[in-house]
Amino acid sequence: MHIHSPRRTTAAAITVAAAVAGPLAWAPAAAAHAPEPTSSASAPAVRHLPETGGVKIFKKDPDGGRMAGAAFTLLDDAGKEAASGRTDAEGRLAFEDLSTGVYRLKETDSGSPLHTVAADQDVIVTPGTAVPLTVIDPFKPANLTVKKTDKSSGKPLPGAIVNVTLVDSSGKTVTVTTGKDGTATVQLPVTTRTGTPYKITESKAPSGYELDSAPAKITAKPGASETVTLADTPKRHPTPTPSPTETAPTPTAPAKPAPERTPGKQNQATPRPEASASGAAAPTPSSATPTPQQATGSLAHTGADATPWLLGTAGVLLAGGAAVVIAARRRRSQDAAPTDGR
């Protein structure tokens, strides 16, 4: 029996190994990697449950005050309600254990008579976190009514254009026009709890009226109603002036009517002659010097006063009476002369 030496056997094994290793060393490098396992041969994937998140809400007003009792609803991407609640005394509300995704936050009630609800907003819930949100409720607007009237009669005036200007650095202006009833309404934003100042000015007066440029001032408070009345004066039409070529007629005063006279009567009684100093009776008109006969009718009105004429007539009659008295005395003297001669 042939027994190989261990040393010889070892040398033969090394020779065979060298012969085999030579060709493998020159093979392409890709051939040296094991092929990637196919999906059918891979191990099944491990599924993890989705992590949850939340939303934390802090509610306040424009002045910074915390608002309790505000109601919110959280809607998922399908529009279904995922959570709801109201803010506590600190103005806080938390929604927890929400699946990750996009939600719609909707305020349904401000919980205050001075505030209105905030606009809706989207919220993205991420795993393991609570999204913080600060929601500010604006103050309710004030309702302004502008009235335009006639200053003298009080009737409403349509067509007046009025500017309502915010009294601050922005100077924002809203323009309104009065309707058929002489009024116009507008809602005014309010930025503080104590109110916001506004100035109301007329920029165009109704047809036929003077523009009232004096502004009115108000302080608009949250949710309150304000009324401002502006009165206009009708325009005065100037009196037409006559042209230089035309002369305005001068009014003539009517003549005074003459006093009425009664036919057959004199306006003034004729004075009778007085008796002589010797006691002789005044001569009758038959023995006196004939006097011109007076007309029985009324005198024609000449516009002159009748007093001078009457005075002249009285003088003539007095002179005639005196002549008659002198003639009578002479006759008596002549009749007495022959008797003394006998």
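Residue 422 in our numbering is what sits at position 316 of the sequence shown, and the numbering runs on without skipping anything. C-beta atoms are modelled at their ideal positions from N, C-alpha and C, and glycine is treated no differently. This structure is a prediction, so every number in the text was calculated from the model and none was measured.
| Is it buried or exposed for aspartate 226, if we count other Cβ within 10 angstroms and need 16 for buried? | For this step, residue 226 is matched to residue 120 along the sequence shown. Classification of aspartate 226: exposed, given that the 10 Å Cβ count is below 16.
| field | Reduced DSSP category for aspartate 167 - H, G, I as helix; E, B as strand; rest coil | value | Your numbering for residue 167 matches position 61 in the sequence shown. Aspartate 167 sits in coil when the DSSP states are folded into three classes, being neither helix nor strand.
| field | threonine 271 versus threonine 232 - alpha carbon distance | value | Here the question's residue 271 lines up with position 165 in the sequence shown. Here the question's residue 232 lines up with position 126 in the sequence shown. So the two alpha carbons sit approximately 46 Å from each other.
| Between the Cα of asparagine 249 and the Cα atoms of Asp318, Lys165, Thr291, Thr325, which residue gives the shortest distance? | Position 143 of the sequence shown, counted from the start, is the residue given in the question as residue 249. Among Asp318, Lys165, Thr291, Thr325, the Cα nearest to that of asparagine 249 belongs to Thr291.
| query | Pick from Tyr315, Pro303, Ala266: whose alpha carbon is nearest that of glycine 285? | reply | Counting from 1 along the sequence shown, the entry for residue 285 is found at position 179. Out of Tyr315, Pro303, Ala266, Ala266 has the C-alpha closest to the C-alpha of glycine 285.
| query | Using DSSP with H/G/I as helix, E/B as strand and the rest coil, what is leucine 181? | reply | Taking the sequence shown and counting its residues from 1, one reaches residue 181 at position 75. Here leucine 181 sits in strand by DSSP.
| message | Going by beta-carbon coordinates alone, are glutamate 202 and valine 241 separated by less than 9 Å? | response | Residue 202 sits at position 96 when you count from the first residue of the sequence shown. Residue 241 sits at position 135 when you count from the first residue of the sequence shown. No; because the gap between Cβ atoms is not below 9 Å, this pair is not in contact.
| field | Whole-angstrom C-beta distance between leucine 263 and proline 312, which should lie under 8 Å | value | Locating residue 312 in the sequence shown gives position 206, counting from the first residue. Locating residue 263 in the sequence shown gives position 157, counting from the first residue. Correct: roughly 4 Å between the Cβ atoms.
| task | Consult DSSP for arginine 172 and reduce its assignment to one of helix, strand or coil. | result | Indexing the sequence shown from 1 puts residue 172 at position 66. Correct three-state label for arginine 172: strand.
| field | Own chain, CB closer than 8 Å to glutamate 316, minus 5 neighbours either side, in chain order | value | For this step, residue 316 is matched to residue 210 along the sequence shown. The beta carbon of glutamate 316 is closer than 8 Å to those of Asp338, Thr339, Pro340, Lys341 in its chain, skipping five residues each way along the sequence.
| query | glycine 197: which of Gly160, Met173, Leu220 sits nearest, CA to CA? | reply | Taking the sequence shown and counting its residues from 1, the one referred to as residue 197 is at position 91. Of the residues Gly160, Met173, Leu220, the one whose Cα lies closest to the Cα of glycine 197 is Met173.
| 9 Å Cβ cutoff met for asparagine 269 and serine 309 | One-based indexing of the sequence shown puts residue 269 at position 163. One-based indexing of the sequence shown puts residue 309 at position 203. Between asparagine 269 and serine 309, the C-beta gap is smaller than 9 Å, which places the two residues in contact.
| message | Need the endpoints of the beta strand (DSSP E) that phenylalanine 201 sits in, please. | response | Along the sequence shown, one-based indexing puts residue 201 at 95. Counting along the chain, the beta strand (DSSP E) containing phenylalanine 201 begins and ends at 198 to 205.
| task | Count the other C-beta atoms from every protein chain shown that fall within 10 angstroms of the C-beta of leucine 180, then say buried if there are 16 or more, exposed otherwise. | result | Sequence index remark: in the sequence shown, residue 180 carries index 74 (1-based). Buried, because 16 or more other Cβ atoms sit within 10 Å of the Cβ of leucine 180.
| Hey, would you say lysine 323 sits closer than 9 Å to valine 273, going by beta carbons? | As a first step, residue 323 is located in the sequence shown; it is residue number 217 there, counting from the start. As a first step, residue 273 is located in the sequence shown; it is residue number 167 there, counting from the start. Contact flag set, yes.
| request: Give a yes or no on whether the C-beta atoms belonging to alanine 177 and serine 190 are separated by under 9 Å. | output: The residue labelled residue 177 in the question sits at position 71 within the sequence shown. The residue labelled residue 190 in the question sits at position 84 within the sequence shown. It is a contact, given that the beta carbons lie within the stated cut-off.
| field | Close-in-space but distant-in-sequence residues of the same chain around serine 319 (CB under 8 Å, 5 per side omitted) | value | Here residue 319 refers to the residue found at position 213 when the sequence shown is read from its first residue. Result list for serine 319: Thr307, Glu308, in chain order.
| field | Pairwise C-alpha distance: tyrosine 304 and aspartate 182 | value | Reading the sequence shown from its first residue, position 76 is the one you call residue 182. Reading the sequence shown from its first residue, position 198 is the one you call residue 304. In this model, aspartate 182 and tyrosine 304 are separated by some 43 Å (Cα to Cα).
| query | Nearest to threonine 298 by CA position, among Arg438, Pro328, Thr283, is which residue? | reply | Translated into the one-based positions of the sequence shown, residue 298 becomes position 192. Of the listed residues, the one whose Cα sits closest to threonine 298 is Pro328.
| request: Just the C-alpha distance for proline 247 and glutamate 157, rounded to the nearest angstrom, thanks. | output: Position 141 of the sequence shown, counted from the start, is the residue given in the question as residue 247. Position 51 of the sequence shown, counted from the start, is the residue given in the question as residue 157. Between the alpha carbons of proline 247 and glutamate 157 lies a distance of about 43 Å.
| Spatial neighbours of valine 280 in its chain, beta-carbon cut-off 6 Å, leaving aside the 5 residues before and after | Here residue 280 refers to the residue found at position 174 of the sequence shown. Cβ within range, chain order: Val270, Val292.
| query | Closest to glycine 301 by CA distance: which of Val282, Ala330, Arg192, Ser276 is it? | reply | If you number the sequence shown from 1, residue 301 lands on position 195. Closest option to glycine 301, Cα to Cα, is Ala330.
| Taking DSSP as the reference, what is the three-state secondary structure of valine 431? | Here residue 431 refers to the residue found at position 325 when the sequence shown is read from its first residue. Under the three-state reduction of DSSP output, valine 431 falls in the helix class.
| Nearest neighbour of glycine 160, chosen from Gly426, Val229, Gly277 [CA to CA] | Taking the sequence shown and counting its residues from 1, the one referred to as residue 160 is at position 54. Measuring from the Cα of glycine 160, the nearest candidate turns out to be Val229.
| query | How about proline 468 and alanine 224: are their beta carbons less than 9 Å apart? | reply | What the structure shows of the chain is the stretch from 107 to 448, and residue 468 is not part of that stretch, so it cannot be assessed.
| In the structure shown, what three-state DSSP assignment does threonine 317 receive? | The count along the sequence shown starts at 1 and reaches residue 317 at position 211. Threonine is not the amino acid found at residue 317; the sequence shown has leucine there. In the structure shown, leucine 317 sits in coil (DSSP, three-state: anything other than H, G, I, E or B).
| request: Return yes when the Cβ of aspartate 287 is within less than 9 Å of the Cβ of histidine 221, no when it is not. | output: The sequence position of residue 221 within the sequence shown is 115, counting from 1. The sequence position of residue 287 within the sequence shown is 181, counting from 1. No.
| said: Do leucine 199 and lysine 254 count as a contact pair if the criterion is CB distance below 9 Å? | reply: Position 148 of the sequence shown, counted from the start, is the residue given in the question as residue 254. Position 93 of the sequence shown, counted from the start, is the residue given in the question as residue 199. Contact flag unset, no.
| task | Over the uninterrupted beta strand (DSSP E) stretch that includes proline 303, give me the two end residues. | result | Taking the sequence shown and counting its residues from 1, the one referred to as residue 303 is at position 197. Segment 302 to 310, the beta strand (DSSP E) holding proline 303.
| query | Out of curiosity, what's the CA-to-CA distance linking glutamate 332 and aspartate 169? | reply | Here residue 332 corresponds to residue number 226 of the sequence shown, with the count starting at 1. Here residue 169 corresponds to residue number 63 of the sequence shown, with the count starting at 1. Here the alpha carbon of glutamate 332 sits roughly 22 Å from the alpha carbon of aspartate 169.
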